[in-house]
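Structure, as structure tokens:
Residue numbers (this note's numbering), protein chains in the order written: chain V, 709 to 1205; chain A, 177 to 485.
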């Protein structure tokens, strides 16, 4: 997936708004107020991109709804004008999922950012979709609970965006991804109706529409309020940094920890090039001479944490760990995590551009998968930094490059394709947490049969029969709705930078 | 990779065929959940057997007709289990389609989170694969979540890849006479807290040192004795909020005898739960899903997840 991009590169000019948009804009202003609608080039440019380098997004008017009623009004106006609607959160997505195709009305949900209710008796909180992930956990801290999914972008990404992508994060190894933490969700459907999917009872009646909606990348409706599950803060936490002279030893340690029946809260792996970039950037205290480090966190009741961390220590040493460091206090723990979460920013010191992949492989095959990645990258004469959720086999190889070098972008794409294909051949999956978006849309046929994709299309069409919500994503063109009046063929094809 | 299906699955698909009303029979432990099959509905049985258990991966691929108890017996050889509840004779497919989580849900998690990949026969008789063979995946729409609890009305599951996890080193059921359920719930190792309005039963699961520490805390709450297992559960299942379940006795005289799952919201009662209002929009979406996935209404006719429990 195309991750960061050259700063200040605005070569992809935003086309001028169609003259016909004047009536649409006037209706949107009438519906939700002039201060909540923007159609100038700057607003549309910003709403045309996400954190990938996909450059073909093309936003129509951008609305900033402040309430569910505003969202309903925008959807109805868009429909009346024959336009699709694309919701977006903070735009930190890495697969082009929030890049609008075909000049839809864009709904930026960032003004709906309130914590509506903390319901400790029912172990949940109702939040608006624009609330920032980390703000939620900070607001919950006085109650001794937190919101478990913690994507690397948690300081800026929103709960609504997390919901759309079924986002993960390091601690999802033990706690599960976003879907496991969404109890119910109020959504606005493409016909402007408002419905609550799931409820806060133990076993809601009917199909698990909540589960079907989570991870639907904005294509099934727009979330306007989310009931998230609160996770009790563990009484004890042990954060360990395991260092190795050989990447294979680190990978073997991961497999051995899982095989020993230990499920840590997180197992993150970083290779030497990544560690050095992080140290230059964030000074997390990682040893720069190690070929690979594992950041392992064990949590739970204190006795079990002591036992499990001791076992992890033993497994690491049996796999030739050169050192095992245990965070002595909360400050050291925070510093170790700061390093891991700064990894993507740190790449900027290595190369001006990067392509961040996200595939999943069986966690028992990490040793051979990493060998294959290095082999592929070497063959294409590229640089790779590996930083990933090793515990669940979720790879994030970062191909760092300089797009000014002729031919390098093509080599990055070729290597990326090989990494994706290799992951699937190893018994893996296309994406573990970043989503399909436009980036991996055409790979879907490599993982799923025509029957499988037809079934996925039925899920989407049950929510949105006319494909008005964020069209052109996830399903390869042959399997998506045929009736996408608002989506122009030229936009749907897409171009990757 | 696009899958090749094994013979058991293709045989099952051929048996389901492309037309005519059909329902899948598991262990018949929750046969009338959401309604009984309409008269004249042909019964089929999903294939049985464990296809591949990979303890180091913490996954198991199993055919839907396999009894959960048989599956768990195999997983226990490596100290693992799944979140699926065990009912006498109940099958993997039945547990997934009923979607009812175990009474140890606080420790085991929900059934709906156990399913990583499903291979199922669609309404037109073809085999579809949903999800991925890995423990983490967001490739496309989440059909697995949709299938769990669908009572076989959207597709008939033939094979499932399930998440497994280690069984606690120590597991102990204890009963506390007249204790506060909330106080028991605060034990970190409590995988289940059941309350019948008077007494509290709890399953403590984890490392022995932590279970012992929690036992010590419970002893401080009053009379505490080891028991073989949970109390007998009344037959009907109510879906309440955790707060409603915790206050159940004072609110529902009509429920009869009850056992409430504290921290969860399921209440087992001797009388059935009165019908719960469902939003018209939810009813409409349920109808649309059924129509899209099974346009001729041939899969488990007579059953409707909206009528659960």
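Beta carbons: idealized from backbone N, C-alpha and C, even for Gly.
Secondary structure at residue i, three-state DSSP: helix, strand or coil?
| i | result |
| --- | --- |
| residue 1123 of chain V | helix |
| residue 832 of chain V | strand |
| residue 847 of chain V | helix |
| residue 976 of chain V | strand |
| residue 712 of chain V | Low per-residue confidence applies at residue 712 of chain V: pLDDT is 40, beneath 50, and the placement is therefore not dependable enough to give any value. |
| residue 1073 of chain V | helix |
| residue 864 of chain V | coil |
| residue 347 of chain A | strand |
| residue 770 of chain V | strand |
| residue 1156 of chain V | coil |
| residue 761 of chain V | coil |
| residue 1195 of chain V | Unreliable placement is indicated for residue 1195 of chain V, whose pLDDT of 49 sits below 50; the coordinate value is still reported in the next sentence. Residue state, collapsed to three classes: coil. |
| residue 302 of chain A | coil |
| residue 817 of chain V | helix |
| residue 1130 of chain V | helix |
| residue 1175 of chain V | coil |
| residue 238 of chain A | strand |
| residue 741 of chain V | coil |
| residue 194 of chain A | coil |
| residue 475 of chain A | strand |
| residue 1151 of chain V | helix |
| residue 889 of chain V | helix |
| residue 398 of chain A | coil |
| residue 920 of chain V | helix |
Which residue comes first and which comes last in the alpha helix (DSSP H) that contains residue i?
| i | result |
| --- | --- |
| residue 320 of chain A | 319-323 |
| residue 231 of chain A | It is not in any alpha helix (DSSP H) - residue 231 of chain A carries neither H nor E in the DSSP assignment. |
| residue 248 of chain A | 244-252 |
| residue 787 of chain V | 776-788 |
| residue 465 of chain A | 456-469 |
| residue 337 of chain A | Element bounds for residue 337 of chain A: not the alpha helix (DSSP H) but the beta strand (DSSP E), 332-339. |
| residue 961 of chain V | 955-967 |
Using alpha carbons as the reference points, say which of the options lies closest to residue i.
| i | options | result |
| --- | --- | --- |
| residue 288 of chain A | A:462, A:245 and A:320 | A:320 |
| residue 844 of chain V | V:1172, V:935, V:1119 and V:731 | V:935 |
| residue 1210 of chain V | V:1056, V:900 and V:779 | Lying outside 709 to 1205, the shown extent of chain V, residue 1210 of chain V is not represented and no answer is given. |
| residue 765 of chain V | V:751, V:933 and V:1001 | V:751 |
| residue 926 of chain V | V:941, V:871, V:1159 and V:960 | V:871 |
| residue 899 of chain V | V:1183, V:1176, V:1181 and V:1069 | V:1176 |
| residue 952 of chain V | V:990, V:893, V:1030 and V:996 | V:1030 |
| residue 730 of chain V | V:739, V:747 and V:1095 | V:747 |
| residue 468 of chain A | V:1163, V:738, V:960 and V:755 | V:1163 |
| residue 917 of chain V | A:457, A:343, A:368 and A:392 | A:457 |
| residue 253 of chain A | A:295, A:482, A:343 and A:441 | A:343 |
| residue 274 of chain A | A:223, A:211 and A:316 | A:211 |
| residue 418 of chain A | V:1113, V:828 and V:797 | V:828 |
| residue 773 of chain V | V:800, V:757 and V:738 | V:738 |
| residue 222 of chain A | A:182, A:377 and A:239 | A:239 |
| residue 1062 of chain V | V:883, V:983, V:760 and V:1019 | V:760 |
| residue 339 of chain A | A:360, A:357, A:312 and A:347 | A:312 |
| residue 854 of chain V | V:889, V:865, V:861 and V:860 | V:889 |
| residue 1119 of chain V | V:1138, V:1104 and V:1092 | V:1092 |
Please report the Cβ distance between residue i and residue j, rounded to the nearest whole angstrom; I am assuming they are in contact, meaning their Cβ atoms lie under 8 Å.
| i | j | result |
| --- | --- | --- |
| residue 246 of chain A | residue 261 of chain A | Not a contact, Cβ separation roughly 14 Å. |
| residue 1044 of chain V | residue 1003 of chain V | 6 Å |
| residue 310 of chain A | residue 1136 of chain V | 6 Å |
| residue 350 of chain A | residue 401 of chain A | 6 Å |
| residue 1032 of chain V | residue 1042 of chain V | Rounded, the Cβ-Cβ distance is 19 Å, inconsistent with contact. |
| residue 241 of chain A | residue 269 of chain A | 6 Å |
| residue 816 of chain V | residue 771 of chain V | 7 Å |
How far does the beta strand (DSSP E) with residue i in it reach, from first residue to last?
| i | result |
| --- | --- |
| residue 936 of chain V | 930-937 |
| residue 946 of chain V | 944-952 |
| residue 825 of chain V | 823-827 |
| residue 1008 of chain V | 1000-1008 |
| residue 1234 of chain V | The displayed coordinates of chain V run from 709 to 1205. Any statement about residue 1234 of chain V would go beyond what the structure contains. |
Q) How about the stretch 178-189 of chain A and the stretch 249-266 of chain A: do they share at least three Cβ pairs that are nearer than 8 Å? A) no
(Q) Using 8 Å as the cut-off, can you tell me whether the stretch 316-331 of chain A makes contact with the stretch 1065-1085 of chain V, which would need three or more C-beta pairs spanning the two stretches below that distance? (A) no
Q: Decide yes or no for the touch test of the stretch 1177-1186 of chain V against the stretch 328-336 of chain A: beta carbon pairs closer than 8 Å, at least 3 of them.
A: no
Q. Using 8 Å as the threshold, is the stretch 1128-1146 of chain V in touch with the stretch 424-443 of chain A, meaning 3 or more CB pairs across them?
A. no
(Q) Does the structure place the stretch 438-450 of chain A close enough to the stretch 363-381 of chain A that three or more beta carbon pairs sit under 8 Å? (A) yes
Q: Pair every Cβ in the stretch 1117-1126 of chain V with every Cβ in the stretch 1008-1018 of chain V, then say whether three or more of these pairs are closer than 8 Å.
A: no
Q: Flag this pair as touching only if the stretch 192-207 of chain A and the stretch 295-302 of chain A have three or more C-beta atom pairs under 8 Å; answer yes or no.
A: yes
Q) Pairing CB atoms from the stretch 857-877 of chain V with CB atoms from the stretch 789-809 of chain V, are three or more of them under 8 Å? A) yes
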